[in-house]
Amino acid sequence: MAKAAKFGGSSLSDGGQFKKVAAILAADEARRFVVVSAPGKRFASDEKITDLLYRCAALAQEGGDFSGPFEKIWDRFLGIERELGVFAHMEEALNDIRQRIAAGASADFVASRGEYLSARLLSAYLNVPMVDAAEVIAFDEKGALDLTATEQKGRFLKDMSRVVVPGFYGALPDGQIRTFSRGGSDITGAILARVTGAEVYENWTDVDGFMMADPRIVPEARIMHAVSYGELRELSYMGASVLHEESIFPVKEGRIPIHVCNTNRPEGAGTWIVNEGALLHEHRQGLAAGIAGRRGFTMITLTKDNLHKQKGFALRLLQILDRHGIGPESMPSGIDNLTVVLNDRDIRGKMDALYHDIRTELAPDTVEIASSIALIATVGRGMARSAGVAARLFTALQQAGISARIIDQSPKEMNLIVGVDQRDFENAIRAIYHAFC
Ligand code: ASP
184 MAKAAKFGGS
194 SLSDGGQFKK
204 VAAILAADEA
214 RRFVVVSAPG
224 KRFASDEKIT
234 DLLYRCAALA
244 QEGGDFSGPF
254 EKIWDRFLGI
264 ERELGVFAHM
274 EEALNDIRQR
284 IAAGASADFV
294 ASRGEYLSAR
304 LLSAYLNVPM
314 VDAAEVIAFD
324 EKGALDLTAT
334 EQKGRFLKDM
344 SRVVVPGFYG
354 ALPDGQIRTF
364 SRGGSDITGA
374 ILARVTGAEV
384 YENWTDVDGF
394 MMADPRIVPE
404 ARIMHAVSYG
414 ELRELSYMGA
424 SVLHEESIFP
434 VKEGRIPIHV
444 CNTNRPEGAG
454 TWIVNEGALL
464 HEHRQGLAAG
474 IAGRRGFTMI
484 TLTKDNLHKQ
494 KGFALRLLQI
504 LDRHGIGPES
514 MPSGIDNLTV
524 VLNDRDIRGK
534 MDALYHDIRT
544 ELAPDTVEIA
554 SSIALIATVG
564 RGMARSAGVA
574 ARLFTALQQA
584 GISARIIDQS
594 PKEMNLIVGV
604 DQRDFENAIR
614 AIYHAFC
């Protein structure tokens, strides 16, 4: 059995957290491929090492003095080295980084040093080898991940009984350091799980797992026991903050389950992310896996008699939207009407021109525009097979005194989306949570 275990920034924010990570690794020999983030925040107003590094790079590029943020980085790493009682050559490494920043090193290189130093510290503390991500994670000339090259380069890792690899970065073909987007150590963990053929990808963080709804809105929301990759994508698309989106693909293809665990409470059950087929009935307490929503949408409803018989009406509407660089979020229709739900971000400054084009090119009888709409997705694979799902949702909303402005169910019926007035957003989420979770 082999597991890849990725530890996020809050799991490595100080010496005490490093010790928890060491205890978690000591508890299970299978945790062989260890991926680390840079030290994160120790308390709410603290600064992440990666943010400080980006600040150093920006200041240096403007020819400014970067000693302020650099000193904070220095203190953090030396402090951890001291707390752990190890000697990981932190001073020497930090001096070298300072020189490179001053000499104009790229922002990607500078940002990557947080993960690099974190891995050095953990490997010294555990007394296990470290492999630099630049030797394993390969990007192509265009800066996209080259999974085939990565698989070849990383093959040797399979034979190691334990190894620490920094997350977040890799190297371009010419050897230059390239980072993933923010939060990208999740991707490194997923890639290493895939490359090493690990059976499980553990993602260690500071929460007990994924909540079935935003706890700021539903304080009693439970932790999901298991969720499928597809369900998770729907939920994260609708605003639930979960793993880095790109971290799902490498493990999904390899059918490697992800186990989200809490470094501060390792005995908790966590949340499993699995493929659809592995999702068992008993994984679900309620009908839905979870609920997520987003504010900031506008609905445009066009009415015209016998609209459904007019060939190409929807197509022409889509063409108009496309001309304005807008893609609809959803497009439910009736016999005499057609609605498009648009993201406010996409239509900013374009509404007048859009309205004009719709009026002149499609000549609808009426055009109604409703702004300040929130969309709420109720996601769950089993919902397709349950009769009366929509009725249950409407009843829940009605009982809370909320009217649904729009409803849309995807053909795969894994999710049911309702649009409500923004002012009803939180109440609607609470009502749906209690009806479905
Ligand atoms: N340290 C990087 C960031 O803050 C990458 C990560 O933690 O995953 O974005």
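The sequence shown begins at 184 in the working numbering and counts up by one. Where is the CB? At the ideal position from N, CA and C, for every residue including glycine.
Proximity of residue i and residue j at Cβ, strictly below 9 angstroms
i           : j           : result
residue 612 : residue 396 : yes
residue 557 : residue 607 : yes
residue 537 : residue 504 : yes
residue 225 : residue 196 : yes
residue 260 : residue 273 : yes
residue 392 : residue 447 : no
residue 205 : residue 308 : yes
residue 216 : residue 346 : yes
residue 380 : residue 287 : no
residue 198 : residue 266 : yes
residue 529 : residue 559 : no
Nearest to residue i (by Cα), restricted to the options the options
i           : options            : result
residue 554 : 270, 561, 524      : 524
residue 574 : 234, 375, 587      : 587
residue 371 : 564, 609, 221      : 221
residue 313 : 442, 349, 355, 470 : 349
residue 290 : 237, 530, 298      : 237
residue 616 : 475, 603, 584, 517 : 475
residue 263 : 434, 383, 223, 242 : 223
residue 324 : 300, 410, 360, 347 : 360
residue 328 : 352, 405, 560, 311 : 352
residue 219 : 519, 306, 242      : 306
residue 387 : 356, 453, 228      : 453
residue 321 : 269, 362, 459      : 362
Check: residue i C-beta below 8 angstroms from any heavy atom of the ligand ASP
i           : result
residue 365 : yes
residue 231 : yes
residue 442 : no
residue 298 : yes
residue 507 : no
residue 315 : no
residue 369 : yes
residue 424 : no
residue 294 : yes
residue 221 : yes
residue 234 : yes
residue 473 : no
Status (buried if at least 16 other CB within 10 Å, exposed otherwise) for residue i
i           : result
residue 550 : exposed
residue 546 : exposed
residue 184 : exposed
residue 192 : buried
residue 394 : buried
residue 461 : exposed
residue 539 : exposed
Neighbourhood of residue i by C-beta, 8 angstroms cutoff - its chain only, sequence neighbours within 5 removed
i           : result
residue 318 : 336, 354
residue 541 : 483, 485, 500, 503, 547, 550
Cβ-based neighbour list, residue i, same chain, cut-off 6 angstroms, excluding 5 preceding and 5 following
i           : result
residue 297 : 221, 232, 233, 236
residue 187 : 216, 372, 375, 376, 381, 384
Contacting residues, own chain, Cβ-Cβ under 7 angstroms from residue i (five flanking each side not counted)
i           : result
residue 565 : 467, 470
residue 276 : 300, 303
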